[in-house]
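Residue numbers (this note's numbering): 261 to 431. We treat Cβ as the ideally placed atom computed from N, Cα and C, and that holds for glycine. Just below is one structure, and these are the notes that go with it.
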């Protein structure tokens, strides 16, 4: 495990697995389990990133599960500021480094690649080869390169109940 000396903090019952590389500042929330490479990111409570992959300059909300080898791009290859769609327009974030913002209960599959500045709403499922949309809607099944399908609300709630149940190994 390699943790940069100013890497930040981790909360109670969090687990930083052997071999993890963490460069700060970072916050690893209560009950979260992390491995792989993490740079300057915030992981809220009960986030699961137990495998290799890279998450940098990202904001990860509670109960997010990142599949093995999930990678977030946090710097464009032309080093320009990251742009994001907002209310039908295109805005300059003013930031050169911006990974992903993933809403509560969002899940990624194995080998998911997230483009620079990807934003996913709550209960999004992201999977498939290639890059998904940079704006993944809440309650969607988003296969890379395809139009997303709606994630049934009641199925999402059922899954959340299981994940959040006392005594269940959430991560």
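Remark: three or more beta-carbon pairs, one from each stretch, lie closer than 8 Å, so the region 312 to 328 and the region 364 to 384 are flagged as touching. Looking at the DSSP output, residue 400 bridges to 410. Classified as exposed, residue 349 has fewer than 16 neighbouring CB atoms from the shown chains inside 10 Å of its CB.
Counting the other CB atoms within 10 Å of its CB gives residue 385 a total of 16 or more, which places it among the buried residues. Looking from the CA of residue 344, the closest CA among 378, 276, 365, 390 belongs to 378.
Collapsing the DSSP output to three states places residue 276 in a strand.
The alpha helix (DSSP H) runs lying completely inside the region 327 to 407 and spanning 4 residues or more number zero. Residue pairing for residue 299: DSSP places it in a beta bridge opposite 283, 316.
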